[in-house]
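Here the structure comes first, spelled out in structure tokens, and everything after it is commentary.
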Amino acid sequence: MQPAGSDDATFSDEQSPRRLLGTTTVYEGRVWDVVSEEFTLADDGEAITRDFIRHPGAVAVLVLNDEGQVLLLRQYRHPVRMALWEIPAGLLDEEGEDFVDAAARELAEEADLTARQWDVLVDMFLSPGSSSEALRVYLARGIGDVPEADRHTRMHEEAEIELMWVDLDAAVDAVLEGRIHSPSAVVAILAARVARETGFRELRPATTPWPEHPSQHSTWPRGAVLEN
């Protein structure tokens with residue numbers, strides 16, 4: 001027996017609303033909350049409870065210069081007690097801000113750079129079994145500098161950021177040799193290496209809708225949503 005959909009030339013993840021019986025906020029944090037939700041897989045199914053992080057989502061930027069180098073930044077991440085080589089990224093915590101505008105803001109704040117050309121490189125969920133966090137990674141090209149007077153003052157961990165330009169192939173080697181661990185950097189670097197084979201011509205425009213982001217989800221079609 002062949003797996004379902006094995007004959008299809010194209011396939012994709014899809015939204016699958018289920019009957020939501022109730023939602024309780026277990027912990028309210030500064031950036032994200034922990035919620036407990038009770039739902040059923042079918043209208044007459046048993047109630048299932050799952051706890052997860054309710055996250056505003058994020059954007060990240062793989063910057064590629066005219067020499068075929070990508071920009072990496074080194075930043076301390078306390079939960080893993082490591083300084084990681086990453087790509088510019090940040091939370092979607094400005095209400096109503098366009099996704100690509102948020103990416104441009106993060107690029108300016110973390111790397112003092114601007115970009116003329118933006119494309120969607122890849123979309124992903126960081127940990128769909130435990131978090132609603134959705135991440136969109138953009139490819140940014142046509143790089144320029146933010147004027148000195150307009151540069152963002154970085155604080156806390158961001159104040160320690162170090163920047164480094166790395167050849168894309170060297171970055172791929174670092175990923176495959178286990179020297180880079182940031183999920184956004186790993187996925188972006190590998191996706192860029194594949195996209196380069198077609199001259200980046202098959203990438204989606206920066207304005208492509210992002211229905212997977214929690215703010216774009218359709219409402220639950222059945223059952224009351226209860227907030228305790």
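Take the sequence shown: its letter number 66 is residue 66 in UniProt numbering, and every next letter is one higher. Yeah, the Cβ is synthetic: ideal placement off N, Cα and C, and Gly gets one too. This structure is a prediction, so every number in the text was calculated from the model and none was measured.
For residue i and residue j, I'd like the C-alpha separation in whole angstroms.
i, j, result
"Trp165", "Arg74", "11 Å"
"Glu97", "Thr198", "31 Å"
"His181", "Ile48", "33 Å"
"Leu203", "Leu190", "14 Å"
"Ser16", "Leu41", "10 Å"
"Glu86", "Pro128", "21 Å"
"Glu28", "Thr207", "32 Å"
"Glu46", "Thr23", "16 Å"
"Asp173", "Ala83", "19 Å"
"Val186", "Trp32", "24 Å"
"Trp44", "Glu133", "The question names Trp, but residue 44 is Asp in the sequence shown. Straight-line Cα distance between these residues: approximately 29 Å."
If we call anything under 8 Å between Cβ atoms a contact, is residue i one with residue j?
i, j, result
"Ile70", "Ala192", "Correcting the residue type first, residue 70 is Val in the shown sequence and not Ile. Yes, they are a contact pair."
"Val59", "Phe11", "no"
"Asp123", "Arg141", "no"
"Pro183", "Asp119", "no"
What three-state label does DSSP hand residue i in the structure shown?
i, result
"Ser215", "helix"
"Val187", "helix"
"Val175", "helix"
"Asp150", "helix"
"Leu41", "coil"
"Val31", "coil"
"Arg201", "coil"
"Asp93", "coil"
"Ala140", "strand"
"Phe52", "strand"
"Leu168", "helix"
Leaving out the 5 sequence neighbours to the left and right, which residues in its chain are closer than 7 Å to residue i when beta-carbon positions are compared?
i, result
"Pro130", "According to the sequence as given, residue 130 is Ser; it is not Pro. Taken in chain order, the residues that qualify are Phe52 and Ile53."
"Arg18", "Phe39, Thr40 and Leu41"
"Trp210", "Phe99, Asp123, Arg136 and Gln216"
Spatial neighbours of residue i within its chain, please: C-beta separation below 8 Å, excluding the five flanking residues on both sides.
i, result
"Thr114", "Ala104, Leu107, Ala108, Ile143, Gly144, Asp145 and Val146"
Within the present structure, is the beta-carbon of residue i separated from the nearest heavy atom of the ligand MG by less than 7 Å?
i, result
"Pro56", "Among the components modelled here there is no ligand, and therefore nothing to report on the ligand MG."
Tell me which same chain residues have a C-beta within less than 6 Å of the C-beta of residue i, skipping the five on either side of it?
i, result
"Ala102", "Val59 and Leu92"
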